[in-house]
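S.K.: Numbering (the working numbering), first residue to last: 56 to 303.
The beta carbon of each residue, even a glycine, is placed where N, CA and C say it ideally should be.
1. Does any CB atom of chain D fall closer than 8 angstroms to the CB of residue 131?
2. Secondary structure at residue 77, three-state DSSP: helix, strand or coil?
3. Given residue 305, which residues of its chain have a CB within under 7 angstroms of its CB, disregarding the five upstream and five downstream residues?
4. Counting only runs that start and end within the segment 161-216, where is the beta strand (DSSP E) found for 3 or more residues in a row?
5. State the Cα-Cα distance for the pair residue 85 and residue 57, rounded to the nearest angstrom.
6. In whole angstroms, give me the CA-to-CA distance for residue 263 and residue 272.
7. Give every residue of the same chain whose Cβ lies closer than 7 angstroms to the Cβ of residue 129, excluding the five residues on either side of it in the sequence, and list them in chain order.
8. Under the rule that 16 or more other beta-carbon atoms within 10 Å means buried, what is residue 165, buried or exposed?
9. For the alpha helix (DSSP H) containing residue 144, list its first residue and its last residue.
10. Considering only residues of the same chain and omitting the five flanking positions on each side of residue 127, which have a CB-CB separation below 6 angstroms?
11. Are the beta-carbon atoms belonging to residue 110 and residue 195 less than 8 angstroms from one another?
12. Tell me where the alpha helix (DSSP H) around residue 135 begins and ends.
13. Leaving out five residues before and five after residue 289 in sequence, what residues of the same chain have Cβ atoms less than 6 angstroms from its Cβ?
14. Between which two residues does the alpha helix (DSSP H) harbouring residue 117 extend?
15. Can you look up residue 105 in the DSSP assignment and give me helix, strand or coil?
16. At which residues does the alpha helix (DSSP H) containing residue 245 begin and terminate?
17. Please name the residue in 188, 184, 133, 267 whose C-alpha comes closest to that of residue 101.
18. What's the gap between the Cα of residue 189 and the Cα of residue 157?
19. Which class does residue 306 belong to by DSSP, given the choice of helix, strand or coil?
20. For residue 122, does the three-state DSSP call read helix, strand or coil?
21. When we look at the beta-carbon of residue 192 and count the other beta-carbons within 10 Å, is it buried (16 or more) or exposed?
22. Within 10 angstroms of its Cβ, does residue 121 collect 16 or more other Cβ (buried), or is it exposed?
23. Cα separation between residue 80 and residue 99?
24. In the DSSP assignment, what residue or residues form a beta bridge with residue 96?
25. I need the boundaries of the beta strand (DSSP E) containing residue 156, first residue and last residue.
Written out as structure tokens, the structure is:
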């Protein structure tokens, strides 16, 4: 879907001759499945990367400071990541993207000069990203993006056209007890924070991770995921989807 969005959606793809995927100053190299992530210092490379939008929620989360900067370049054990960060790494890997930008790790938190420099780049960081991963319902970084969701109700029914009889399989409906997209997204915690709201507004496409389902939102289209495979190696292999035109 990212490939289709880049090739077919004018508003979602970079203008002709312009590359919008230049890496920020620092990004997390998510590594392969059997590798630990680490902080990558970029040198103007033009490759796809993801970003994470999340609420800190007053919780002391994993950060990069002047004391930990060199160690972060070597390795950041996945076991040390809070759940939201860990889920973002797994989603990024599953999408085949090498890098993800997470504010608390990619900005040196106790360096005022670094903060002032990097904060001026926020608009570019989010608008140039391949996709924004939004922990939409998480109160803080410990709650995560990939949480169990309520299963659909299975309702058997008899159809006038049904030829099934005896002990054979009976037709059934799957009823998904989820609210509408607008209700889900407008009510999420992430959209109560102005800083986070601007991150979503600046991004070309957003994967909204809510408590009810996942919503993949493009500038021009919305892909609503009712169910996805548990294996994030196949994140884009959906079981059921509905395309809704958002309209611009």
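M.R.: In short, the structure shows the following:
1. The chain labelled as chain D is not found in the depicted structure, where only one protein chain is given.
2. Walking along the chain shown from the start, residue 77 turns up at place 22. DSSP places residue 77 in strand when its eight states are reduced to three.
3. Any question about residue 305 goes unanswered here, given that the chain covers just 56 to 303.
4. 186-189, 208-211
5. Locating residue 85 in the chain shown gives position 30, where the first residue counts as 1. Locating residue 57 in the chain shown gives position 2, where the first residue counts as 1. If you take the alpha carbons of residue 85 and residue 57, they lie about 19 angstroms apart.
6. Residue 263 sits at position 208 when you count from the first residue of the chain shown. Residue 272 sits at position 217 when you count from the first residue of the chain shown. C-alpha separation (whole angstroms): 7 angstroms.
7. Translated into positions along the chain shown, residue 129 becomes position 74. Answer for residue 129: 93, listed in chain order.
8. If you number the chain shown from 1, residue 165 lands on position 110. Exposed is the call here.
9. Translated into positions along the chain shown, residue 144 becomes position 89. First-last of the alpha helix (DSSP H) with residue 144: 138-149.
10. Residue numbering aside, residue 127 sits at position 72 when the chain shown is read from its first letter. Excluding residues within five positions, the ones whose Cβ falls inside 6 angstroms are 94, 119.
11. What you label residue 110 is simply residue 55 of the chain shown in a count that begins at 1. What you label residue 195 is simply residue 140 of the chain shown in a count that begins at 1. Result yes, Cβ atoms of residue 110 and residue 195 sit closer than 8 angstroms.
12. As a first step, residue 135 must be located in the chain shown, where it is residue number 80. Element bounds for residue 135: n/a, residue is neither H nor E.
13. Along the chain shown, read from residue 1 onward, the residue named residue 289 stands at position 234. At residue 289, the pLDDT of 35 sits below 50, so the modelled position is not reliable and the matter cannot be decided from this model.
14. Sequence index remark: in the chain shown, residue 117 carries index 62 (1-based). No alpha helix (DSSP H) contains residue 117, which DSSP labels as neither H nor E.
15. Within the chain shown, the letter at position 50 stands for residue 105. Three-state result, residue 105: strand.
16. Locating residue 245 in the chain shown gives position 190, where the first residue counts as 1. No alpha helix (DSSP H) contains residue 245, which DSSP labels as neither H nor E.
17. For the purposes of this step, residue 101 is taken as residue 46 along the chain shown, with counting starting at 1. Ranking 188, 184, 133, 267 by Cα distance to residue 101 puts 184 first.
18. Position 134 of the chain shown, counted from the start, is the residue given in the question as residue 189. Position 102 of the chain shown, counted from the start, is the residue given in the question as residue 157. For residue 189 and residue 157, the distance between alpha carbons rounds to 11 angstroms.
19. This structure cannot settle anything about residue 306, because the visible part of the chain is limited to 56 through 303.
20. Reading the chain shown from its first residue, position 67 is the one you call residue 122. Reduced to three states, the DSSP call for residue 122 is coil.
21. Position 137 of the chain shown holds residue 192. Result: buried.
22. Along the chain shown, one-based indexing puts residue 121 at 66. Exposed, by the Cβ-count rule.
23. Within the chain shown, numbered from 1, the residue matching residue 80 stands at position 25. Within the chain shown, numbered from 1, the residue matching residue 99 stands at position 44. Their backbone Cα atoms lie some 8 angstroms apart in a straight line.
24. Position 41 of the chain shown, counting from 1, holds the residue named residue 96. Answer is 81.
25. The residue you call residue 156 lines up with position 101 of the chain shown. It spans 154-156 - the beta strand (DSSP E) in which residue 156 sits, taken as one unbroken run.
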